[in-house]
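Be aware that the sequence shown starts at 1, since it is given in full-length UniProt numbering, and climbs by one per residue.
C-beta atoms are modelled at their ideal positions from N, C-alpha and C, and glycine is treated no differently.
A short worksheet on the structure shown next.
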Amino acid sequence: QPPRGAWGPWGPWSSCSSSCGDGVALRTRRCLRSTEEDTCVGDPRQYRLCQLQGCPGVTVPFRAMQCSLYDNKPVLGTSTRYRWVPFHGAPNVCDLNCLAEGHNFYYTFGRVLDGTRCGPGSPDLCVGGRCLSVGCDGILGSGTRPDACGQCGGGHDTCLFVHRLFQGADPSSGSFGYVNVTKIPAGATHIKVTDKSRNYLALMTSDGRYVLNGDWSIAWPGPYEVAGTWLRYSRSPDGTESLEGPGPINEDLHVMVLLQEPNPGIEYEFWLPRGLHQLSRGDTSPLRQPQPRGAGRPPPQEHPVTLAPVLLAQPRGFATEPPPRSPPGRRRCGRCRPAKGRSQRAWHFCQSDFVFRGRILARRLVGQETRYEVEVKTPYRHRFPLVSREYVWVPNTCGCPPLREGDEYL
Numbered sequence: 001q002p003p004r005g006a007w008g009p010w011g012p013w014s015s016c017s018s019s020c021g022d023g024v025a026l027r028t029r030r031c032l033r034s035t036e037e038d039t040c041v042g043d044p045r046q047y048r049l050c051q052l053q054g055c056p057g058v059t060v061p062f063r064a065m066q067c068s069l070y071d072n073k074p075v076l077g078t079s080t081r082y083r084w085v086p087f088h089g090a091p092n093v094c095d096l097n098c099l100a101e102g103h104n105f106y107y108t109f110g111r112v113l114d115g116t117r118c119g120p121g122s123p124d125l126c127v128g129g130r131c132l133s134v135g136c137d138g139i140l141g142s143g144t145r146p147d148a149c150g151q152c153g154g155g156h157d158t159c160l161f162v163h164r165l166f167q168g169a170d171p172s173s174g175s176f177g178y179v180n181v182t183k184i185p186a187g188a189t190h191i192k193v194t195d196k197s198r199n200y201l202a203l204m205t206s207d208g209r210y211v212l213n214g215d216w217s218i219a220w221p222g223p224y225e226v227a228g229t230w231l232r233y234s235r236s237p238d239g240t241e242s243l244e245g246p247g248p249i250n251e252d253l254h255v256m257v258l259l260q261e262p263n264p265g266i267e268y269e270f271w272l273p274r275g276l277h278q279l280s281r282g283d284t285s286p287l288r289q290p291q292p293r294g295a296g297r298p299p300p301q302e303h304p305v306t307l308a309p310v311l312l313a314q315p316r317g318f319a320t321e322p323p324p325r326s327p328p329g330r331r332r333c334g335r336c337r338p339a340k341g342r343s344q345r346a347w348h349f350c351q352s353d354f355v356f357r358g359r360i361l362a363r364r365l366v367g368q369e370t371r372y373e374v375e376v377k378t379p380y381r382h383r384f385p386l387v388s389r390e391y392v393w394v395p396n397t398c399g400c401p402p403l404r405e406g407d408e409y410l
């Protein structure tokens, strides 16, 4: 004799509620009890999603089609006829709430048919007047979700969590430009990279193709399709960046950073199948090594426009070696040397590696040097492409040349 209140086995699944599009199938079970007072805990019904091929020639959404069945039919006890469209602002999303087209009222025509989406773009379905989420097992209302390893209903035991902090590359040592951070192996899931500085994260595929912020070009925040998944790139006004995606990726991805200032640390994490974990500890270099500034063939030269006055300061990020530092101690400041006149403009253009028109955004003293944050307006001559914001370093703290915040200079 079965124990009190025990469920019997599940019966077979019914046929799908729809011949095309989304539908649901039902199966039931009986409560085995010895007396009428015995009860079973749980639901005697279970539903699963049966997704079939789309209905041929049908472009009207399922809910809209149900509302349209009442077009030009008398309702509300009057002879007035209306055309009906779905109304999504009612409390119960699984009622057939339809708005009278051209009017400001809606009417509820009972429940929607089983298999109707709970809302526009929602993956959940209405069954028996209830909105049920679809588990990864296909059972509605089961609550079963894939774990971080991608296993439906798993316990995170078939993969390993990788969480590290990259703190290398100090611009004071001349490491400007692109620097390798890590390689994320194929198969990784739940990827997240965070940078809390004014540097720029960059992403390269295994064949050396930049996907994000490559070749000295800064990309807009937003979703990017890469390696068989979507990665969302975010950047806040203070410079904080993040790169997140569900995965799994189908090829190695190389995370890099375009250094503009000292690196406070780049945090990255992902989940990796156990068999691939050792690969994540190996070589982190991409197939194509980025060229540091100061090497390679310069781009074609352009002719500058005439601006006045001319003030030139060597950008530290563009030099092959940092400017010499003065010995510690108090420095005396005299008068600033006058700006170069118009007659010397052509000579300076020919002798300089970088000439551009820019606006001074900020000024900061760093040790015995002055760092200017500059918005590059128009580049005229440069050995390598300039990003929209650059740092110009001057080897003194005397305010020479006298660059003022908000003004533009050549």
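Just verifying my parser: in three-state terms, what is the DSSP assignment at C67? helix
How would you write the range of the beta strand (DSSP E) that D95 sits in, first residue to last? For D95, the uninterrupted beta strand (DSSP E) segment begins and ends at 95-100.
Please classify F161: does DSSP put it in a helix, a strand, or coil? strand
As an exercise, report each continuous beta strand (DSSP E) stretch of at least 3 residues that is fully enclosed by the stretch 174-257, in chain order. 177-184, 189-196, 200-205, 210-212, 222-226, 229-235, 240-245
Curious, which full-length beta strand (DSSP E) runs of at least 3 residues does the stretch 9-45 contain? 22-28
With a Cβ-Cβ cutoff of 8 Å, do C159 and P273 count as a contact? Their beta carbons are under 8 Å apart, which means C159 touches P273 by this criterion.
Backbone secondary structure at F62 - three-state DSSP: Judged by DSSP in its simplified three-state form, F62 adopts helix.
What separation, rounded to the nearest whole angstrom, lies between the Cα atoms of V24 and V85? 24 Å
Quick one: any contact between the stretch 90-97 and the stretch 105-113, if contact means 3 or more CB pairs under 8 Å? The stretch 90-97 vs the stretch 105-113: in contact.
Considering E267, what are the terminal residues of the beta strand (DSSP E) in which it resides? 266-273
Whole-Å CB distance - R27 paired with P9, under 8 Å assumed: Going by Cβ atoms, the distance from R27 to P9 rounds to 10 Å, so no, they are not a contact pair.
Could you give the residue range of the beta strand (DSSP E) that holds L125? 125-127
Could you tell me the distance, in whole angstroms, from the CA atom of P322 to the CA atom of L365? In this prediction, P322 has a pLDDT of 36, which is less than 50 and means its spatial position is unreliable; what the coordinates show is noted afterwards. Spanning the two alpha carbons is a distance of roughly 16 Å.
Along the chain, where does the beta strand (DSSP E) that runs through R130 open and close? 130-132
Return the residue from the list W230, S206, L253, D195 that minimises the CA-CA distance to S236. D195
Could you pull out every residue in the same chain whose Cβ sits closer than 6 Å to the Cβ of L269, ignoring the five residues on either side in sequence? Position check: residue 269 holds Glu in this sequence, whereas Leu was assumed. Sequence-distant partners of E269 (beyond 5 residues in either direction) whose C-beta falls short of 6 Å from its own C-beta, in its chain, are H163, K192.
Which residues share a DSSP beta bridge with A362? E373
What is the DSSP secondary structure of R337, reduced to helix, strand or coil? coil
For D252, count neighbouring Cβ atoms within 10 angstroms of its own Cβ and tell me buried if that reaches 16, exposed if not. Classification of D252: buried, given that the 10 Å Cβ count is 16 or more.
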